[in-house]
Amino acid sequence: MKLNEFQELAVEHVDGPCLVTSCPGSGKTRVLVERVIRLLERGINPKSIICITFTNKAANEMKKRICKRLGVNKTSFFVGTFHALCVSLLRKIGTKGGYATNFNILDENDQLDLILQVARRRGSDITRPDASNIKYFLNLYRDSLKDISNIDEDLDHLAGIARDYLRVAKENNLIDFTGLIYETINILEDNEDIREKVQNHFKYILVDEMQDTNLSQYHLIKLMGDKWKNIMLIGDIDQSVYRWRNARYENIQEFLSYYPKVRVITLSKNYRSTPQIIKAAGDLIKNNDSHILNQFETDNADGASVKCSELENQTLEARWVASRIESLKVQGGWDYEDFAILYRVNKMSEPLEQVFSTRGMPYEVVGGFSFYDRKEVKDCLAMLKYLVNRKDGVAFHRICSLVKGMGNITIGNIENVAISEGCTLDEACLKVKESSRSRRIGNACKKIYDIYNLLYDQTKTAQCMSTLVREFDMEGILREKYGEEYLDRMENVSQVIEAVGEFDGLDKGVEKYLQQISLVSNADKEVDGNKISLMSLHAAKGLEFPIVFIVGVEENILPHIRSIKGESASPENLEEERRLCYVGMTRAKKLLQMSWCSKRRSYGKYKNVYFKTCLPSIFLKEAGLIDNYSHTVSF
2 MKLNEFQELA VEHVDGPCLV TSCPGSGKTR VLVERVIRLL ERGINPKSII
52 CITFTNKAAN EMKKRICKRL GVNKTSFFVG TFHALCVSLL RKIGTKGGYA
102 TNFNILDEND QLDLILQVAR RRGSDITRPD ASNIKYFLNL YRDSLKDISN
152 IDEDLDHLAG IARDYLRVAK ENNLIDFTGL IYETINILED NEDIREKVQN
202 HFKYILVDEM QDTNLSQYHL IKLMGDKWKN IMLIGDIDQS VYRWRNARYE
252 NIQEFLSYYP KVRVITLSKN YRSTPQIIKA AGDLIKNNDS HILNQFETDN
302 ADGASVKCSE LENQTLEARW VASRIESLKV QGGWDYEDFA ILYRVNKMSE
352 PLEQVFSTRG MPYEVVGGFS FYDRKEVKDC LAMLKYLVNR KDGVAFHRIC
402 SLVKGMGNIT IGNIENVAIS EGCTLDEACL KVKESSRSRR IGNACKKIYD
452 IYNLLYDQTK TAQCMSTLVR EFDMEGILRE KYGEEYLDRM ENVSQVIEAV
502 GEFDGLDKGV EKYLQQISLV SNADKEVDGN KISLMSLHAA KGLEFPIVFI
552 VGVEENILPH IRSIKGESAS PENLEEERRL CYVGMTRAKK LLQMSWCSKR
602 RSYGKYKNVY FKTCLPSIFL KEAGLIDNYS HTVSF
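Using the working numbering, you'd call the opening residue of the sequence shown number 2 and step up by one each time.
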């Protein structure tokens with residue numbers, strides 16, 4: 002494919018700062034690759050070039066394209082992530098920061114474990130959520146280049162553990178992922194000779210997906226490139242959807258201010274989507290104050306109009322999606338792999354997975370677990386399985402893991418008693434409790450016995466599930482294990498209760514639910530590569546599909562309730578939600594269909610399932626897909 006006028010301007014740019022703003026599907030990766038080729042053709046030393054991107058997958062794709070164009074097997078210059086670049090630098094200059102060259106890298110779990118270890122050494126008995134809180138603020142402060150000495154303001158009595166963690170990590174020659182960039186910056190700032198050597202070595206810096214950089218990453222780019230100023234940034238503010246990871250699209254705006262003579266090249270031609278999809282997406286995103294791309298166009302042929310469908314509830318929405326896919330396959334000759342279904346929150350895959358499995362339609366959950374493979378969902382299903390089958394030792398073993406005091410030795414004793422006395426496992430719990438000298442074990446055994454000897458009417462399926470969730474204290478377990486992240490896990494638990502609620506009033510309703518979902522969990526999803534893709538809107542970034550469905554486009558879902566209500570509500574968060582919807586819409590090449598439910602099955606705390614009235618998302622109005630809109634978002 003021949004480069005267009007603006008792509009040609011970008012790849013021919015040599016010296017000085019340059020910002021390439023790009024709309025989705027504009028060929029920005031090709032531009033980056035071709036610019037590298039042009040620099041090499043001009044005789045520029047390959048080792049003076051670095052290409053930085055955000056994921057190993059993207060870096061490998063970039064390397065592959067560059068090697069193919071050059072006809073070689075390996076690049077002679079750096080192409081990789083920020084973290085890989087800093088590892089390479091610190092192996093050479095880390096001694097200036099107090100690290101030996103053979104330092105080890107801590108992943109997120111290692112980081113948590115070291116925080117807990119440091120706390121134990123201090124004689125502090127902290128919980129894992131406390132450790133997660135310390136990790137969060139340590140990473141936030143370093144990502145944002147805030148003064149660590151002020152961390153007391155956010156961590157209070159935990160601040161001492163945070164400071165000790167940084168000290169102990171360095172003493173033990175350990176660096177976490179955030180520290181890789183932070184320590185590199187510190188060494189470059191504190192050592193003018195090293196900074197100048199790095200600047201003279203890397204004279205041409207190219208950065209992809211600039212909208213996803215945090216402040217420390219942007220500062221590192223400036224430190225390395227400020228002498229020669231041959232920095233090319235490629236990005237799209239409208240695709241910045243990772244603020245929760247400390248990403249700042251403002252880095253692009255600050256780059257424009259810092260380098261007033263920066264050359265700005267706009268790639269406004271989309272090679273991916275039809276004019277109809279582009280118009281709807283363009284109409285939506287222009288409502289963001291941060292939007293700077295004035296044009297969004299394509300030479301592609303006309304396609305079908307973007308449609309928005311209203312369904313009564315999420316079950317009917319899933320059935321509608323399945324029917325549309327089958328219809329389009331017959332009428333248009335599409336394969337399953339041509340379809341993607343996108344949603345705002347992971348729990349929304351559940352009704353889709355049920356329908357696809359029931360109809361024998363192959364699918365794959367991309368970038369995450371199948372709904373039924375998530376730990377908290379498996380725990381809930383185990384509660385139900387043991388309720389209907391008191392001989393299910395596998396389910397019993399799983400629910401025991403939810404009760405403090407239930408170790409493998411105790412579970413083995415219970416199993417032996419059940420076999421020797423011919424009783425159920427929960428009845429054996431009571432016998433073990435009576436013979437145990439440990440109050441902790443006795444209380445644990447009594448808890449399980451009591452839970453499963455409550456009065457259960459299995460026709461009231463949602464009530465059964467919500468009672469089990471309450472009695473096992475799933476909310477407390479998830480809060481203790483995951484800290485503030487527990488809310489997303491509880492959404493999945495809520496979805497199980499809502500799904501079980503579909504069988505309310507049926508004889509043996511719980512058994513019928515378990516039978517139906519067994520079709521999902523036992524489905525052979527590895528038949529071949531021809532599968533429907535299910536994924537969150539975040540996971541869809543960077544991908545494209547001929548036909549895209551975006552489901553659940555409702556207020557409080559997209560935009561998410563946390564962006565428009567409560568403490569975290571703000572115009573900035575609403576704009577990020579709009580960008581997220583825009584990213585989803587622009588994944589579609591040929592056909593885009595969006596849907597919302599007028600009612601959504603939900604449940605009150607420890608109550609039966611009910612249907613709540615829903616409103617279409619403001620984004621559907623802004624995209625020109627619905628005429629009437631009765632709800633206003635305000636802050």
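Glycine included, each C-beta is placed from N, C-alpha and C at the ideal position.
Using only the alpha-carbon positions, how far apart do M63 and T30 sit? Here residue 63 corresponds to residue number 62 of the sequence shown, with the count starting at 1. Here residue 30 corresponds to residue number 29 of the sequence shown, with the count starting at 1. Cα to Cα, the separation comes out at about 7 Å.
Here's a check: name, in chain order, each residue in its chain whose Cβ is nearer than 6 Å to the Cβ of A524, leaving out the five neighbours to either side. On the sequence shown, residue 524 is found 523 positions in, with the first residue counted as 1. Its pLDDT being 44, under 50, A524 is placed unreliably by the model, and the measurement read from it follows with that caveat. So the list reads S358, once near-sequence residues are dropped.
Please go through the region 116 to 182 and give each complete beta strand (DSSP E) segment of 3 or more residues, from N-terminal end onward. 175 to 177
Are the beta-carbon atoms belonging to S269 and Q240 less than 7 Å from one another? As a working mapping, residue 269 is identified with position 268 in the sequence shown. As a working mapping, residue 240 is identified with position 239 in the sequence shown. No, these two residues do not count as a Cβ contact at 7 Å.
Is it a yes or a no for the region 592 to 601 touching the region 543 to 554, going by three-plus beta-carbon pairs under 8 Å? yes
Reference K590, options E568, R375, K308 and I548, closest by Cα: What you label residue 590 is simply residue 589 of the sequence shown in a count that begins at 1. Looking at the Cα atoms, I548 is the closest of the given residues.
Rounded C-alpha distance that separates N531 from G334: Within the sequence shown, numbered from 1, the residue matching residue 531 stands at position 530. Within the sequence shown, numbered from 1, the residue matching residue 334 stands at position 333. Approximately 13 Å between the Cα atoms of the pair.
In or out: S150 buried (at least 16 other Cβ within 10 Å) or exposed? On the sequence shown, position 149 is the one that residue 150 refers to. Result: exposed.
Length of the line joining the Cα atoms of F620 and G506: Translated into positions along the sequence shown, residue 620 becomes position 619. Translated into positions along the sequence shown, residue 506 becomes position 505. Cα to Cα, the separation comes out at about 37 Å.
Do I253 and M225 have their C-beta atoms within less than 7 Å of each other? Position 252 of the sequence shown, counting from 1, holds the residue named residue 253. Position 224 of the sequence shown, counting from 1, holds the residue named residue 225. No.
Short check: CB of N105 to CB of L175, under 7 Å? Along the sequence shown, read from residue 1 onward, the residue named residue 105 stands at position 104. Along the sequence shown, read from residue 1 onward, the residue named residue 175 stands at position 174. Contact flag set, yes.
Over the uninterrupted beta strand (DSSP E) stretch that includes T468, give me the two end residues. Counting from 1 along the sequence shown, the entry for residue 468 is found at position 467. Counting along the chain, T468 falls outside any beta strand (DSSP E), though it belongs to the alpha helix (DSSP H) covering T462 to E472.
Range of the contiguous alpha helix (DSSP H) that encloses E351: In the sequence shown, counting from the first residue as 1, residue 351 sits at position 350. Segment S350 to T359, the alpha helix (DSSP H) holding E351.
Kindly indicate which three-state DSSP category I551 falls into: helix, strand or coil? Here residue 551 corresponds to residue number 550 of the sequence shown, with the count starting at 1. Strand, per DSSP.
Presumed contact (8 Å Cβ cut-off) between S145 and N46, rounded CB distance: Along the sequence shown, read from residue 1 onward, the residue named residue 145 stands at position 144. Along the sequence shown, read from residue 1 onward, the residue named residue 46 stands at position 45. So it is not a contact: roughly 35 Å between Cβ atoms.
What does the alpha-carbon distance come out to for the pair K405 and R441? The residue labelled residue 405 in the question sits at position 404 within the sequence shown. The residue labelled residue 441 in the question sits at position 440 within the sequence shown. If you take the alpha carbons of K405 and R441, they lie about 8 Å apart.
Taking the Cβ atom as the reference point for each residue, do F340 and I533 lie within a distance shorter than 7 Å? Within the sequence shown, the letter at position 339 stands for residue 340. Within the sequence shown, the letter at position 532 stands for residue 533. Yes. Within cutoff.
Which one or two residues does DSSP pair with Y243 in a beta bridge? The residue you call residue 243 lines up with position 242 of the sequence shown. In DSSP, Y243 forms no bridge with anything.
Is there contact between the region 115 to 125 and the region 181 to 197, where contact requires at least three CB pairs shorter than 8 Å? no
Coil, strand or helix - I235 by DSSP: Your numbering for residue 235 matches position 234 in the sequence shown. I235: strand per DSSP, three-state reduction.
Spatial neighbours of E313 within its chain, please: C-beta separation below 8 Å, excluding the five flanking residues on both sides. Counting from one through the sequence shown, the residue named residue 313 turns up at place 312. So the list reads C598, S599 and K600, once near-sequence residues are dropped.
For V265, which of helix, strand or coil comes out of DSSP? Translated into the one-based positions of the sequence shown, residue 265 becomes position 264. If DSSP states are grouped into helix, strand and coil, V265 belongs with the strands.
Put D16 into one of helix, strand or coil per three-state DSSP. Here the question's residue 16 lines up with position 15 in the sequence shown. DSSP places D16 in coil when its eight states are reduced to three.
Through-space distance from S77 to K48, alpha-carbon basis: Here the question's residue 48 lines up with position 47 in the sequence shown. Here the question's residue 77 lines up with position 76 in the sequence shown. Cα to Cα, K48 sits roughly 7 Å from S77.
Terminal residues of the continuous alpha helix (DSSP H) containing G44? If you number the sequence shown from 1, residue 44 lands on position 43. Element bounds for G44: n/a, residue is neither H nor E.
Note down, in chain order, each residue of its chain lying with its Cβ closer than 8 Å to the Cβ of A101, except the 5 sequence neighbours on either side. Here residue 101 refers to the residue found at position 100 of the sequence shown. G95 and N174.
Short of 8 Å in beta carbon distance, which residues of its chain neighbour T56, apart from the five on each side in sequence? Order them along the chain. Mapped onto the sequence shown, residue 56 falls at position 55. Here the set comprises T82.
Could you tell me how far apart the beta carbons of F585 and A541 are, in whole angstroms, since I believe they sit closer than 8 Å? Within the sequence shown, residue 585 is the residue found at index 584, counting from 1. Within the sequence shown, residue 541 is the residue found at index 540, counting from 1. For clarity, residue 585 is Gly in the given sequence; the question names Phe instead. About 6 Å; that satisfies the 8 Å criterion.
Counting beta carbon pairs with one atom in the region 200 to 216 and one in the region 225 to 235, are three or more of them shorter than 8 Å? yes
Taking 7 Å as the cut-off, decide whether the C-beta atoms of N289 and R588 are in contact. Reading the sequence shown from its first residue, position 288 is the one you call residue 289. Reading the sequence shown from its first residue, position 587 is the one you call residue 588. Against a cut-off of 7 Å, the Cβ pair of R588 and N289 comes out as no contact.
Identify the continuous beta strand (DSSP E) that holds F340 and give its terminal residues. Counted from its first residue, the sequence shown places residue 340 at position 339. Note, F340: beta strand (DSSP E), F340 to Y344.
So is Q516 buried or exposed if we call it buried at 16+ other beta carbons inside 10 Å? Locating residue 516 in the sequence shown gives position 515, where the first residue counts as 1. Its Cβ having fewer than 16 others within 10 Å, Q516 is exposed.
Between which residues of its own chain and T128 is the CB-CB distance below 7 Å, once the five residues before and five after are set aside? If you number the sequence shown from 1, residue 128 lands on position 127. Within the same chain, T128 has close Cβ partners E481.
Taking a contact to mean a Cβ-Cβ separation below 7 Å, would you say V73 touches R39 in this structure? Sequence index remark: in the sequence shown, residue 73 carries index 72 (1-based). Sequence index remark: in the sequence shown, residue 39 carries index 38 (1-based). No, these two residues do not count as a Cβ contact at 7 Å.
Label A667 either buried or exposed according to how many other C-beta atoms from any shown protein chain fall within 10 Å of its C-beta, with 16 as the threshold for buried. Nothing can be reported for residue 667: it is not among the residues displayed for the chain, which extend from 2 to 636.
Three or more C-beta pairs under 8 Å: does that hold for the region 369 to 383 against the region 343 to 350? yes
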